[in-house]
Each structure stands twice: as C-alpha cells, then as structure tokens.
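Encoded as structure tokens, the structure appears first; notes follow it.
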Amino acid sequence: MSEMLVALLRFSLNFETTMKSIFNRSLLRAGLVLLFSSGALLLLTAAQRKEARVTQVVRDVKLLAPHLLSPI
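Per the numbering used here, the very first residue in the sequence shown carries number 469; after that it's consecutive.
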C-alpha cells in the first residue's frame, strides 16, 4: 500500500511540474507572439501614414504647380 501511495505522489508531483512547465512556456510564447504582432502592426501603420503623406504632397504639387508637371 505504501509503494502505491509513493507512486501516486510521485506521479502527482511530476504532473504538476509538467503542467507548470507547459504553462510557463505557453505564456512566454504568447508574450513573444503579442510583442512581434504589435511591432508588425506599428510598422504597417507607419508605412500607411508615410504613403498617405507622400500622396498628399504629390496632390499639393499638382495643384500648386501644374505647369511643372506638363510636358514641354
């Protein structure tokens, strides 16, 4: 009976350690994914803003100096 109890306790401790290890790795992985996706989102947003600014500058130039863009 005591051998069975020892085996059960050993299994319980191993299971608990395994679950903590899996949870810690999952939490770390989730944090890394969140960090990476946030960075990618910021880069995409910045690129879209830059494109919008360039487009606006091109429109302004076309409005302010149309004779510069017409072929000679």
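Ideal Cβ placement from N, Cα and C applies to all residues, glycine included.
Residue i versus residue j - alpha carbon distance
i: Ala514; j: Gly507; result: 11 Å
i: Leu503; j: Leu511; result: 12 Å
i: Glu519; j: Ser489; result: 45 Å
i: Leu496; j: Ser480; result: 24 Å
i: Ala475; j: Thr486; result: 16 Å
i: Glu471; j: Asn482; result: 16 Å
i: His535; j: Val526; result: 14 Å
i: Val501; j: Ser494; result: 10 Å
i: Glu484; j: Leu509; result: 37 Å
Within-8 Å CB hit, residue i to chain B
i: Ala515; result: Any reference to chain B falls outside this structure, which holds one protein chain only.
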